Every structure is written in C-alpha cells, then in structure tokens.
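Residue numbers (numbering that gives the first Met the number 0), protein chains in the order written: chain W, 0 to 262; chain E, 0 to 274.
Here a beta-carbon is modelled for each residue, glycine too, at the ideal position from N, C-alpha and C.
Remember, predicted model here, so these are calculated numbers, not experimental data.
Working notes, structure below.
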Amino acid sequence: MTHKFKGWPNRLVVAVLYLFLLAPILVVAVISFDTQSTMAFPPQGFSLQWYERLAQNEEFITGFKVSGIVGGGVALLALALGVPVAVALTRYEFRFRELLSGFFLSPLMVPGIVLGLALLLVLAPVGITGTYGGLIVAHLAITVPYVIRTASMSLMTMNRSCEEAARTLGASAWTTFRRVTLPLIAPGVLAGGVIAFLISFDEAVISLFVVGPQATTLPVEIFHYVETRTDPQIAALSVVLIAISIVFVVIIERAAGLRKVLR
Amino acid sequence: MLGLTVPGLLGLAVSFLLPLLWLFRMSLNRGDSSGLIVEAISLDSYGQFLGDPYYWKMAWETTQLGVGVTVMTVLVSYPIALFLVRTESRFKGVLVALAIAPLLTSSVVRTYGWLVLLGNQGVVNSSLHSWGLIDEPLALINNKLGVYIALVEIMMPYMILALLAGFGRFNPELEHAAASLGANRWRTFWRVVWPLSMPGVLTGALLVFVLTISSFITPRLVGGGKVFYLATEIYDQATATLNWPFAAAISFILLGLFATVIVLYQRAIRRIEAQ
C-alpha cells in the first residue's frame with residue numbers, strides 16, 4: 000500500500016465523517032442517562048430515571064407489543080406469499096416472468112406517505128384500520144419483495160442435484176420442495192423473515208395512517224411523543240431498541256453461522 | 000407454474016394495487032377544506048395544484064431538497080467508502096459494520112438524535128456558546144437547514160452501501176499503475192478511481208433522491224411543521240384539512256416526479272454506457 004494514501008489529513012476527514020454519521024446515535028445514548036428533563040446539553044448528571052419511567056409508560060409498552068405481534072404476523076404472511084413466488088421466478092420459465100418480477104418489486108418505488116394514504120382509503124370503509132389485521136395487510140406490500148429477493152438468492156445459489164435426485168427417485172414436486180429444497184434454502188428464508196419483521200417493526204409512515212386507538216405501533220407512538228414532548232424518555236427507549244436489534248443481528252449471525260458449521 | 004404466484008399476487012392486489020387505484024379514483028373527486036367530498040370525474044384537484052404558484056414552489060423546493068441532499072450525501076459518503084475499499088486494517092469488518100449500523104436504528108430515533116444535536120440548547124449551540132463563538136443560539140431546527148443536515152446523515156448508510164457494491168471492480172493496483180506511469184494523485188483520482196466508481200454513485204444517487212423526496216418523518220419533526228414539502232403537504236391535507244381528493248392528487252404528482260427522475264436516470268445511464 001502506498002504511504003501517500005495513508006496520510007493523516009485523509010484519516011482526519013474520514014474520522015470526522017464517521018463522527019457525523021454516528022453523532023445522533025451517540026448523543027441519544029449519552030442523553031438517556033441524563034438527569035435533566037429538557038433536550039439540553041451537556042448532561043447534568045447520571046441517572047436511570049428515564050429508563051424507570053419507560054418501564055412504567057403504558058403507551059410504549061402496548062406499542063411495543065402491537066409492533067411485535069404485527070411484525071411476527073407480517074413475517075409469516077410475507078414468507079407464505081413470497082417463497083412460492085421466488086420458486087416460480089427461479090425454477091420455471093414462463094411468459095411475463097420479467098414483468099411479474101418487476102411488479103412484485105414495484106411497491107418499493109412508491110413513497111410510504113402515498114401508500115399509507117391509499118391504504119387508509121381502502122381499509123377505513125372495511126373497518127379494519129387500527130386492527131392487527133389491517134396493520135399486517137398494510138405492511139405486506141413493502142415486505143414481500145425482500146422475502147422474494149432473499150429466497151430467490153438462496154434458490155439460485157443452492158446445489159440443484161439433490162432436487163433432481165429426489166424427483167428421479169419418484170418424489171412429488173411438493174415432497175421434493177418440503178424435504179429437500181426448503182431445508183437447503185432455510186437460511187435465505189429465515190433472513191427474509193427477519194428482514195420482513197424488522198421493516199414492519201420500524202415502519203412509521205404507512206402505519207401513521209392505518210393505526211387506531213385499539214392498535215397503535217411503537218414507531219407511531221414515538222413519532223407523536225417527539226412531536227409534542229422532547230424529554231429523554233425517547234432516548235432511553237431508543238437505547239433499548241438499539242440493544243434489541245444488536246441482539247437480533249447477533250442471534251441470526253450465530254444461527255446462520257452454526258448452520259454452516261453443522262453442514 | 001403461475002399457480003405458485005397466485006397467493007402473492009392476491010396479497011399484492013389487496014395491499015398495493017387496489018389501494019393505489021382507489022387513491023387515483025379519489026384524486027378525481029372534488030373536495031374542499033370543509034372535508035366534504037363530492038363524487039365526480041374531474042381534474043379539479045390537479046388544477047388546484049397546478050394553478051397555484053405556492054404549490055409550484057413547493058414542488059420545486061422538494062426537487063431541490065432531493066438534488067441537494069443527494070449531492071451532499073455523495074460528498075460525505077465517498078471518502079468513507081473509498082477508505083473502506085482501500086484499507087487493510089484489521090478492523091475493516093468493524094468499520095464497515097459501523098458505517099451501515101445506523102440502518103438498524105429507526106429513522107424516528109435518529110431524527111430525535113438530530114433534534115438533540117441541533118436544538119437551541121443542543122450540543123452544537125451549547126458548545127459554540129461555551130467557546131464564546133456565539134451569543135444567540137443559531138437557528139438549526141424548525142427550518143430547511145436542519146432538514147438538510149439530518150437527511151444527509153440518514154441517507155449516508157444507503158449511499159455507502161451502494162458505493163461499496165459499485166467499487167467491486169476497483170483494485171488498488173490500478174492506482175499504483177496510474178501513479179507509476181506518472182499521473183499525479185488528482186489525475187489518478189479523476190481518470191481512474193472516479194470513473195470506476197460511477198455505477199455505484201449513480202445507483203446510490205437514485206436511491207437517495209427517491210428516499211429523500213418521499214421522506215416524511217424527518218422534514219416533519221426537524222422542520223417543526225414550518226417547512227413544507229410535497230410529502231408533508233400530503234399528510235397535512237389528508238389529516239388536518241381532510242381534503243382527501245387534493246391529498247390524492249398531490250400523491251400522484253409526487254409519483255409523476257418519481258417517474259420523471261427515473262426516466263432521466265435511465266437516459267443518463269445509457270449515455271454513460273455508450274461512451
């Protein structure tokens with residue numbers, strides 16, 4: 000490596016840009032342990048009072064539960080709808096294949112605010128806004144594309160000779176899929192499910208239109224809270240959420256890694 | 000085996016296609032600020048938008064926001080991506096993870112972080128004040144400046160990811176080759192590194208532009224309801240003014256802006272590939 004690219008001015012620029020990128024997360028972590036109740040800096044002292052209040056905040060706890068249940072439902076439904084589509088797109092040749100593949104990706108090109116309003120117009124007359132079912136339907140279009148993508152990638156890279164062997168030995172298409180293909184693409188399917196869960200859990204804009212008094216998701220609760228108040232309870236909540244997502248990623252990494260070791 | 004796609008198609012029809020068609024039908028109705036919706040087939044709502052300089056300005060400022068945030072995001076993400084491609088550090092994996100980690104944090108949370116950083120008593124203002132550089136706090140939130148700053152940071156991980164993917168063909172040997180043939184650093188960068196990174200820059204730029212002009216949470220919270228873009232206007236018209244036909248019409252105007260940008264983007268790609 001040439002030394003001229005390792006000069007300190009370059010490193011300084013990169014360090015400053017990293018600081019800019021991570022600043023909001025760092026400042027949220029610091030302020031969550033602050034003693035004062037306004038968004039002021041520097042911190043006045045160390046306390047866990049915001050975490051204690053968080054543990055007593057019914058709205059956030061309920062929102063957390065709602066988001067978890069909706070995310071789980073969305074992940075399962077997106078897998079049920081998306082994996083067969085991925086199989087069709089990667090294993091069979093048919094007319095309109097390209098068109099179909101583009102159609103399944105198209106929800107990602109529509110702004111959340113537009114899709115949210117559109118879903119409100121359809122779901123409100125049916126009376127399912129503010130229900131788990133309504134929220135799951137609302138998150139479906141933006142999560143299925145990811146499941147299709149991760150499942151397709153596994154389907155394209157897996158070794159197909161086992162599938163062919165199973166078929167030659169007389170297994171039906173369904174048995175082959177269930178006993179041979181599905182176990183082989185399990186990591187991709189799992190990753191798709193986790194991504195679907197995380198997207199649903201984080202989704203704020205579409206949900207803003209579809210939530211109701213019976214079921215409001217956590218990101219919407221946070222949005223309304225920040226709109227009106229600015230105390231560090233949100234910072235404490237953010238730290239908890241970041242910790243949870245780190246745990247999630249580590250678990251998946253270990254699970255996928257373990258799988259590789261066992262194979 | 001089209002049968003396999005039927006459940007997926009049904010799901011997408013219910014959660015995507017039908018709502019959008021409904022929204023389009025709504026945009027043809029007549030609405031007013033009292034929340035009354037008159038069934039009609041008319042282009043009144045579109046006319047209301049296109050006939051008002053105020054909304055033309057809003058569409059222009061939304062485009063400006065998209066272009067401005069995209070350009071600035073490229074500028075601040077490029078050095079990090081280039082560093083990550085070149086580095087032989089043991090901590091490369093950690094550094095890549097750190098650059099992308101913010102994606103795991105919801106944008107509501109990071110927007111809140113920016114409120115803490117940029118507020119009147121925030122980190123930036125209180126630091127400048129304690130160093131004696133300012134007497135009055137600088138206005139960094141509830142205005143466009145704050146929205147730009149926060150959006151650039153929120154878009155950075157997407158851009159870094161796109162740049163890293165686009166740098167796949169990059170090889171440090173090429174830089175050595177250019178240098179040993181007598182090119183100075185500047186020339187090496189513009190003639191070798193930058194052209195090789197173009198695919199990543201273009202992919203990232205399209206992604207960031209599209210995400211920026213459709214972003215709502217950050218303009219809303221950092222703008223404090225005092226900064227108006229198409230996305231915030233759709234929300235206001237739909238939830239505060241209750242003029243659903245107008246909100247629907249703005250939605251399709253925003254989609255039209257999307258389509259225009261994507262067509263221009265594809266033309267630009269073709270022109271670059273032709274060269």
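Considering only C-alpha positions, which residue in the set W:Thr-142, W:Ile-245 and W:Gly-62 is nearest to Cys-108 of chain W?
Here residue 108 of chain W refers to the residue found at position 109 of the first sequence. Just to set this straight, residue 108 of chain W is Met in the shown sequence, not Cys. The residue with the shortest Cα to Cα distance from Met-108 of chain W is W:Thr-142.
Grouping DSSP H, G and I as helix and E and B as strand, with all else coil, what is Val-13 of chain E?
Residue mapping note: residue 13 of chain E aligns to position 14 of the second sequence, counting from 1. In the structure shown, Val-13 of chain E sits in a helix (DSSP, three-state: H, G or I).
Exposed or buried, Gly-118 of chain E, counting other C-beta atoms within 10 Å across all chains shown (16 or more means buried)?
On the second sequence, residue 118 of chain E is found 119 positions in, with the first residue counted as 1. With 16 or more other Cβ atoms within 10 Å, it is buried.
Where does Leu-18 of chain W sit, in a helix, a strand or coil, going by DSSP?
Here residue 18 of chain W refers to the residue found at position 19 when the first sequence is read from its first residue. DSSP, read as helix, strand or coil, puts Leu-18 of chain W in helix.
Enumerate in chain order the residues of its own chain whose CB-to-CB distance from Ile-184 of chain W is below 7 Å, with the five nearest sequence positions on each side excluded.
What you label residue 184 of chain W is simply residue 185 of the first sequence in a count that begins at 1. Ala-150, Ser-153, Leu-154 and Met-157, listed in sequence order.
Does any residue of chain E bring its CB to less than 8 Å from the CB of Ala-203 of chain W?
Counted from its first residue, the first sequence places residue 203 of chain W at position 204. Interface criterion met: the Cβ of Ala-203 of chain W is under 8 Å from a Cβ in chain E.
Kindly indicate if chain E contains any beta-carbon less than 8 Å away from that of Phe-45 of chain W.
Mapped onto the first sequence, residue 45 of chain W falls at position 46. Answer no: the Cβ-Cβ gap between Phe-45 of chain W and chain E never drops below 8 Å.
Taking Ile-216 of chain E and Ala-203 of chain W to be in contact with their CB atoms under 8 Å, please state how far apart those CB atoms are, rounded to whole angstroms.
Position 217 of the second sequence, counting from 1, holds the residue named residue 216 of chain E. Position 204 of the first sequence, counting from 1, holds the residue named residue 203 of chain W. About 6 Å; that satisfies the 8 Å criterion.
May I ask you to check if the CB of Glu-152 of chain E is nearer than 7 Å to at least one heavy atom of the ligand SAH?
Within the structure as shown, the ligand SAH is missing, as the structure has no ligands at all.
May I ask which residues mark the beginning and end of the alpha helix (DSSP H) holding Ala-165 of chain W?
Here residue 165 of chain W refers to the residue found at position 166 of the first sequence. Start and end: 160–167.
Considering just the uninterrupted stretch of the alpha helix (DSSP H) at Asn-124 of chain E, what are its terminal residues?
One-based indexing of the second sequence puts residue 124 of chain E at position 125. For Asn-124 of chain E, the enclosing alpha helix (DSSP H) covers residues 122–129.
What is the DSSP secondary structure of Arg-148 of chain W, counted as helix, strand or coil?
By 1-based counting over the first sequence, the position of residue 148 of chain W is 149. Correct three-state label for Arg-148 of chain W: helix.
Report the residues of the stretch 83–97 of chain W with a CB closer than 7 Å to any CB of chain E, ordered along the chain.
So the list reads Pro-83, Val-84, Val-86, Ala-87, Tyr-91 and Phe-93, given in the order they occur along the chain.
Tell me, please, which residues DSSP counts as bridged to Ile-24 of chain W.
Here residue 24 of chain W refers to the residue found at position 25 of the first sequence. Residue pairing by DSSP places Ile-24 of chain W in no beta bridge whatsoever.
What number of angstroms, rounded off, separates the C-alpha of Ile-153 of chain E from the C-alpha of Val-70 of chain E?
Position 154 of the second sequence, counting from 1, holds the residue named residue 153 of chain E. Position 71 of the second sequence, counting from 1, holds the residue named residue 70 of chain E. Between the alpha carbons of Ile-153 of chain E and Val-70 of chain E lies a distance of about 14 Å.
Using three-state DSSP, classify Val-109 of chain W as helix, strand or coil.
Position 110 of the first sequence holds residue 109 of chain W. In the structure shown, Val-109 of chain W adopts coil according to DSSP, grouped into three states.
Report the residue from W:Phe-19, W:Val-238, W:Glu-220 and W:Ala-235 whose alpha carbon sits nearest the alpha carbon of Glu-57 of chain W.
Here residue 57 of chain W refers to the residue found at position 58 of the first sequence. Glu-57 of chain W has its Cα closest to that of W:Glu-220, out of W:Phe-19, W:Val-238, W:Glu-220 and W:Ala-235.
Quick one: which chain E residues come within Cβ less than 7 Å of Pro-23 of chain W?
As a first step, residue 23 of chain W must be located in the first sequence, where it is residue number 24. Within 7 Å Cβ-Cβ: Arg-109, Gly-112, Trp-113, Leu-116 and Glu-152.
CB contact flag (Val-68 of chain E, Ala-204 of chain E, <8 Å):
To locate residue 68 of chain E, count along the second sequence from 1; it is residue 69. To locate residue 204 of chain E, count along the second sequence from 1; it is residue 205. Using a Cβ distance threshold of 8 Å, Val-68 of chain E and Ala-204 of chain E do not count as a contacting pair.
What residue does the alpha helix (DSSP H) around Lys-225 of chain E start on, and which one ends it?
Here residue 225 of chain E corresponds to residue number 226 of the second sequence, with the count starting at 1. That residue, Lys-225 of chain E, is in no alpha helix (DSSP H); it is neither H nor E in DSSP.
Please specify which runs of the alpha helix (DSSP H), each continuous and at least 4 residues long, are wholly inside the stretch 54–116 of chain W, giving them in chain order.
List check, alpha helix (DSSP H) in window: 57–90 and 96–104.
If you pair each beta-carbon of the stretch 195–209 of chain E with each one of the stretch 221–236 of chain E, do three or more pairs fall below 8 Å?
Contact fails between the stretch 195–209 of chain E and the stretch 221–236 of chain E, because fewer than three Cβ pairs, one in each stretch, are under 8 Å apart.
Identity of the residue in W:Ile-24, W:Gly-211 and W:His-223 nearest Val-115 of chain E by Cα:
The sequence position of residue 115 of chain E within the second sequence is 116, counting from 1. The option with the nearest alpha carbon to Val-115 of chain E is W:Ile-24.
Using a beta-carbon distance below 8 Å, is Phe-82 of chain E in contact with chain W?
Within the second sequence, the letter at position 83 stands for residue 82 of chain E. Yes - at least one Cβ of chain W is within 8 Å of the one on Phe-82 of chain E.
First through last residue of the alpha helix (DSSP H) which encompasses Arg-269 of chain E
Start at 1 with the first residue of the second sequence, and residue 269 of chain E comes out as number 270. Under the DSSP assignment, Arg-269 of chain E falls in the alpha helix (DSSP H) whose first and last residues are 243–273.
Nearest-angstrom Cα distance between Pro-6 of chain E and Leu-80 of chain W?
To locate residue 6 of chain E, count along the second sequence from 1; it is residue 7. To locate residue 80 of chain W, count along the first sequence from 1; it is residue 81. Cα to Cα, the separation comes out at about 6 Å.
Of all the options W:Val-27, W:Val-15 and W:Leu-78, which has the alpha carbon lying nearest to the alpha carbon of Ala-190 of chain W?
For the purposes of this step, residue 190 of chain W is identified with residue 191 of the first sequence, where counting begins at 1. Comparing Cα-Cα distances from Ala-190 of chain W to each of W:Val-27, W:Val-15 and W:Leu-78, the minimum goes to W:Leu-78.
Could you tell me which residues DSSP puts in a beta bridge with Val-209 of chain E?
In the second sequence, counting from the first residue as 1, residue 209 of chain E sits at position 210. Looking at the DSSP output, Val-209 of chain E bridges to nothing.
Comparing the C-beta of Glu-226 of chain W with each C-beta of chain E, is any distance below 8 Å?
If you number the first sequence from 1, residue 226 of chain W lands on position 227. Chain E, which has a Cβ nearer than 8 Å to the Cβ of Glu-226 of chain W, makes this yes.
Using a Cβ cut-off of 8 Å (strictly closer), state whether Met-0 of chain W contacts chain E.
Position 1 of the first sequence, counted from the start, is the residue given in the question as residue 0 of chain W. Unreliable positioning characterises Met-0 of chain W in this predicted model, as indicated by a pLDDT of 43, which lies under 50. The coordinate reading is nonetheless provided below. So, interface residue.
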